[in-house]
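Sequential numbering of the sequence shown, starting at 1, is according to this note's numbering.
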Amino acid sequence: MEKRLIARGLLAGAVGALLAFGFARLFAEPVVGRAIAFEDGRADAAHALGVPHEHGVELFSRGVQGNAGLGFGVLIFGLAMGALFAVAFCVAYGRAESAAPQALSLRLAAGAFTATYLVPFVKYPPNPPAVGQADTIGSRTLWYLVMVLASAVLAIAAVWLGRRLAARLGVWNAGLIAAGAYVVAVALVMLILPTIAETPAGFPADVLYEFRLVSLGTQLVLWVTIGLVFSVLAGRLLGEGAERVKSSG
1 MEKRLIARGL LAGAVGALLA FGFARLFAEP VVGRAIAFED GRADAAHALG VPHEHGVELF
61 SRGVQGNAGL GFGVLIFGLA MGALFAVAFC VAYGRAESAA PQALSLRLAA GAFTATYLVP
121 FVKYPPNPPA VGQADTIGSR TLWYLVMVLA SAVLAIAAVW LGRRLAARLG VWNAGLIAAG
181 AYVVAVALVM LILPTIAETP AGFPADVLYE FRLVSLGTQL VLWVTIGLVF SVLAGRLLGE
241 GAERVKSSG
């Protein structure tokens with residue numbers, strides 16, 4: 001059963017990646033083009049003044065990056081998230097008491113989006129290609145991954161805390177306490193981790209805002225699709241299994 005659920009997670013991830021790619025291709029690429037135009041303008045101005053300006057070598061054209069490169073990257077990410085989502089679903093479903101698979105799938109997708117993207121987004125929002133310096137990209141990526149890991153671990157701990165307190169305080173009160181503990185813990189992590197400011201002077205604020213908004217939307221499309229598609233597929237699979245058990249009994 002677990003392998004069949006993981007296969008359905010991969011399918012849900014692939015569908016989510018397809019829709020996320022379409023969303024990003026439609027809305028993000030124009031914003032990225034404007035950001036790159038700003039970077040090119042800075043490079044031309046620096047060159048005219050005789051000021052050295054670091055500019056990476058473009059191994060692939062913008063067309064290749066925006067189509068095949070973006071599509072392949074989103075597909076691999078979607079498949080990985082779909083598989084991990086299915087594994088998390090198997091663990092949660094095995095421990096949940098009389099939980100409908102459809103509702104559990106939707107709650108799990110909402111939690112995964114919040115813990116692995118939305119919360120890290122608040123501390124380290126994504127930047128378009130023209131924003132960032134070569135000597136800070138590595139450190140920013142490292143701290144971003146630390147934030148993702150911390151948020152995910154704290155979310156799991158909050159779920160555990162809520163389940164431990166539910167019998168004594170009730171599901172609603174236990175959920176509120178667990179959520180509050182998660183928010184406080186995440187806030188402390190954000191205060192501890194360093195802040196990395198990379199936005200160059202004069203960079204259009206509207207371009208930066210639109211890019212981050214579209215990035216958020218792309219991830220939202222991915223996780224909503226994974227949750228919805230997997231809820232249907234898992235619901236059918238587990239429903240068929242329950243029917244077989246009833247008929248055999």
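For glycine and all other residues, C-beta sits at the position ideal for the given N, C-alpha and C.
N- and C-terminal bounds of the alpha helix (DSSP H) containing residue i
i: Pro-101; result: 101-113
i: Ala-20; result: 2-23
i: Phe-77; result: 70-95
i: Leu-191; result: 171-192
i: Pro-120; result: 119-123
Proximal residues to residue i (C-beta, below 7 Å), its chain only, five neighbours per side dropped
i: Phe-113; result: Gln-219, Leu-220 and Trp-223
i: Gly-78; result: Gly-13, Ala-14, Gly-16, Ala-17, Ala-20 and Leu-222
i: Gly-175; result: Gly-162
Cβ neighbours of residue i in the same chain (closer than 6 Å, five flanking residues each side left out)
i: Ala-86; result: Leu-5, Ile-6 and Gly-9
i: Ala-28; result: Val-214
i: Glu-2; result: Cys-90
i: Leu-233; result: Arg-8
i: Lys-123; result: Met-147 and Met-190
i: Met-81; result: Gly-13
Cβ-based burial, residue i [other Cβ within 10 Å; buried from 16]
i: Thr-147; result: Correcting the residue type first, residue 147 is Met in the shown sequence and not Thr. Result: buried.
i: Gly-202; result: exposed
i: Asn-127; result: buried
i: Tyr-209; result: exposed
i: Leu-154; result: buried
i: Leu-26; result: exposed
i: Pro-204; result: exposed
i: Pro-30; result: exposed
i: Pro-101; result: buried
i: Ser-231; result: buried
i: Pro-200; result: exposed
Sequence-distant residues of the same chain with beta carbon closer than 8 Å to residue i, five excluded per side
i: Gly-170; result: none
i: Leu-152; result: Sequence check: residue 152 is Ala here, not Leu. Here the set comprises Ala-115 and Thr-116.
i: Ala-88; result: Leu-108 and Ala-112
Counting beta carbon pairs with one atom in the region 148-162 and one in the region 106-120, are three or more of them shorter than 8 Å?
yes
Could you say if the region 176-186 and the region 154-165 meet the contact criterion of at least three C-beta pairs nearer than 8 Å?
yes
Any contact of the region 99-106 with the region 223-233, i.e. 3+ C-beta pairs under 8 Å?
yes
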